[in-house]
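Working notes for the structure below.
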Amino acid sequence: MELANLQRFRHAPLPRSYTDYLGRQIFLLLLTIQGVAAFALITLGVILKKSGVAHDLMQPRIRQEINRAGASLLPMFMFVALALGFLVIGQTVAALAKVGATGYLGSTMVIVVVRELGPLLTAMLVLARVGTANVIELGTARALGEVEALEALGIDPVHYLILPRVLGMALGVFGLTIYLILGALASGCLCAFLANVPLTPGDYFRQIAEALNWLDFALLALKTMAFGFVIAIVTCYHGLAQPLRLEDVSRVTVRAVTQGILACLLIDAVFIVLYLVT
Amino acid sequence: MSEPDIHPVVLEMRGVRVTALRDPSLALLENVNWSVRAGEFWVVAGAPRAGKSDLLLHAAGLLLPARGDCRLFGCDTREFDETQIRERLRVGFTFADGKLFNQLTLAENIALPLRYHRRHAEAETARAVAGLLELLELAPFASLTPGNVAAVWRQRAALARALALSPELLLLDHPIGGMTVRHRRWLVDFLDQLWRGHDFFGGRPLTLVATTDDLHPWQQPHRKFAALHEGTFSELGAWGGEEFVRHRAVRELLAEAEEER
């Protein structure tokens, strides 16, 4: 009933004043946040309560999702890691070397690549490649009545459709971020070597290792898993949690991607605060 | 003192308001009072958009009544949750268009409820699926996805999937829609066998409820009829009975069928 009201509200005639329009947008945003948060809690509940249910059926589905949001993206990430290393890190190393500031290399790399660029870029790419597919698949399934068909078979749609995607994406984003960071740092080193920067690979990696501490590893794991979880929740929410018709699927896909990006940036901001206070 | 009925009520609706799946604020039927006893074969007739599918979704507990009570095997459908999954699985449901999962083959579709609910070995599940494929003459299409088979085979696969867990009550939404005469006859005969007790299910009789907008194929005295007309649900008794022949919806549906012939 709430969702039906939300749909009616969303499609009501445009208010005449800008303040009314702004108020409607804020109200819609709050309703969406409420819906996504409730969906996230339901999903967490299902993960905790049903981890052992239909094990033989669910394990391959979870592996398939890990493969889709992780392993199958490795070739693309190899290219992105190379590009990131050459375009960003190589230039940073060269610039630092020009002003004789190679001593700051380790901390610069850790801040730029390990803490920020690696996780955020991975999240954006996974959102674009897998998140959009999630919304389209689930939206189409919803529009074709497959969710009702699952319920008719006594199968919890959140367990069968959402749980594998959430776990797959959380682990996929984590694994791909590690891969991207390592690849980018290595290709950055190669770029510096090719550009004749007076810095040996040994010094380069030693500085990075010295700049890293246990908190970087812990927060990196937490942050990437949070990115994966949130991307999965936002995309699955838009695909599954609302009644859809086939013609709605493209519209909700755009909305899900926009909200996924905003949610990731918000999480990133929270982690920046965490880095600053610890 | 009246003798107690030996057939328990498996589905009961009291004062139910049936709303539309797509718009819960739209009431399609008001004050539905209906009892289905074990071993009965009901046919619910009504014109397109009369609310047949939504009535069946309410009956299966897939939609909750906006008003009134709906009970399946004595359990209020509003209280259905994970703890009552056993009761839930006593009901089988087939949708009008089958609603198979497009990314799975027909065999995988049929195996899905078994793999989810039963902790059987793969070989045992495969045996059960092969039996159902054979029973519904689906074996040649087992490895095809739903998009690659005709609608009639998709409907049979949906029926096989609903039968996989051996339900006691089978709800069929428009099972003969869009079928040729040959397929329609096969299906009605097959449903009769299920109702009497098919050997495949150990001879245990099933309770059946089917919706339709074409009454002729269901013309047998052992079935009970109900009709939906102008937002009301009416029990009509057996084929040809006084209430049956007098009901406006029945007369309209039969006249339409005559015109089509």
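Protein sequences, first through last, are from chains A and B.
In this note's numbering, each residue carries its 1-based index in the first sequence increased by 8.
In this note's numbering, each residue carries its 1-based index in the second sequence increased by 33.
Ideal Cβ placement from N, Cα and C applies to all residues, glycine included.
Since we're looking at a predicted model, the values are computed, not measured.
Checklist entry - What's the gap between the Cα of B:P250 and the Cα of B:R70? => result Rounded to whole angstroms, B:P250 to B:R70 spans 23 Å at the Cα level.
Checklist entry - By Cβ distance, which residues of its chain are closer than 7 Å to A:M9, with the 5 residues on each side in sequence left out? => result With a pLDDT of only 48 at A:M9, under the threshold of 50, the placement of this residue in the model should not be trusted; the figure read from the coordinates follows. If we look at A:M9 and ignore the five residues flanking it on each side, it has no Cβ neighbours.
Next on the checklist: Between which two residues does the alpha helix (DSSP H) holding A:G111 run?
Outcome noted: Unbroken run through A:G111: none, as it is neither H nor E.
Next on the checklist: As an exercise, report each continuous beta strand (DSSP E) stretch of at least 3 residues that is fully enclosed by the stretch 99-152 of chain B, in chain order.
Outcome noted: 100-105, 124-127
Next on the checklist: Residues in the same chain with beta-carbon distance under 7 Å from B:L196, minus the five sequence neighbours each way, listed in chain order, please.
Outcome noted: G125, L165
Next on the checklist: Just to confirm the assignment, what range does the alpha helix (DSSP H) spanning A:L248 have?
Outcome noted: For A:L248, the uninterrupted alpha helix (DSSP H) segment begins and ends at 222-248.
Item to check | Limits of the alpha helix (DSSP H) - the one that B:L205 falls within | outcome: Unbroken run through B:L205 is the beta strand (DSSP E), 202-205; no alpha helix (DSSP H).
Next on the checklist: When you compare the stretch 92-99 of chain A with the stretch 177-194 of chain A, are there three or more beta-carbon pairs, one atom per stretch, that lie closer than 8 Å?
Outcome noted: Because the criterion of three Cβ pairs below 8 Å is met, the stretch 92-99 of chain A and the stretch 177-194 of chain A touch.
Checklist entry - Is the stretch 184-204 of chain B close to the stretch 125-135 of chain B, with three or more CB pairs under 8 Å? => result yes
Checklist entry - Roughly how many angstroms lie between the CA atoms of B:R194 and B:L62, to the nearest whole one? => result 29 Å
Next on the checklist: Our contact map puts B:E276 next to B:L269 with C-beta atoms below 8 Å; I'd like the distance itself, whole angstroms only.
Outcome noted: 5 Å
Checklist entry - According to DSSP, which residues form a beta bridge with B:A92? => result Paired residue(s): none; B:A92 is not in a bridge.
Checklist entry - On the premise that B:L105 lies in contact with B:L96, defined as a C-beta separation below 8 Å, what is that separation, rounded to the nearest angstrom? => result With a Cβ gap of about 13 Å, B:L96 and B:L105 do not count as contacting.
Checklist entry - Between B:T138, B:I118, B:R119, which lies nearest to B:G180 when the distance is taken from Cα to Cα? => result B:T138
Next on the checklist: Counting only beta-carbon separations shorter than 9 Å, does A:I163 have a partner in chain B?
Outcome noted: yes
Checklist entry - Should B:P250 be flagged as near chain A, meaning a C-beta pair shorter than 9 Å? => result no
Next on the checklist: Measuring straight from C-alpha to C-alpha, what distance separates A:L284 and A:M233?
Outcome noted: One C-alpha to the other measures close to 20 Å.
Next on the checklist: Looking at A:I280: is its Cβ nearer than 9 Å to the Cβ of A:V238?
Outcome noted: no
Checklist entry - Excluding the five sequence neighbours on either side, which residues of its own chain have a C-beta within less than 7 Å of the C-beta of B:V76, listed in chain order? => result A243, T245, W251, R256, F258
Next on the checklist: I'd like to know whether the C-beta atoms of B:A191 and B:N135 end up nearer to each other than 9 Å.
Outcome noted: no
Next on the checklist: I want to see whether chain A comes within less than 9 Å of B:D130, judged by CB atoms only; does it?
Outcome noted: yes
Checklist entry - For the beta strand (DSSP E) that contains B:R47, what are its first and last residues? => result 42-52
Checklist entry - Name the chain A residues that come within less than 8 Å of B:L95, Cβ to Cβ? => result By Cβ distance, chain A contributes E156, E159, A160.
Item to check | the stretch 96-115 of chain A contacting the stretch 163-174 of chain A, beta-carbon criterion three pairs below 8 Å | outcome: Here the stretch 96-115 of chain A makes no contact with the stretch 163-174 of chain A; the two share fewer than three CB pairs at distances below 8 Å.
Checklist entry - Between the stretch 147-163 of chain A and the stretch 178-185 of chain A, are three or more C-beta pairs nearer than 8 Å? => result Here the stretch 147-163 of chain A makes no contact with the stretch 178-185 of chain A; the two share fewer than three CB pairs at distances below 8 Å.
Item to check | Helix, strand or coil at A:S115 according to DSSP, with G and I counted as helix | outcome: Residue state for A:S115 is assigned as helix, using DSSP reduced to three classes.
Checklist entry - Just by C-beta distance, which residues in the stretch 111-128 of chain B are closer than 7 Å to chain A? => result I118, R121, L122, F126, F128
Checklist entry - Taking 9 Å as the CB-CB limit, is A:A277 close to chain B? => result It does not: the Cβ of A:A277 has no partner Cβ on chain B nearer than 9 Å.
Next on the checklist: Let's see if you can read the secondary structure: which residues bound the alpha helix (DSSP H) around B:V65?
Outcome noted: Note, B:V65: premise wrong, no alpha helix (DSSP H); beta strand (DSSP E) at 60-70.
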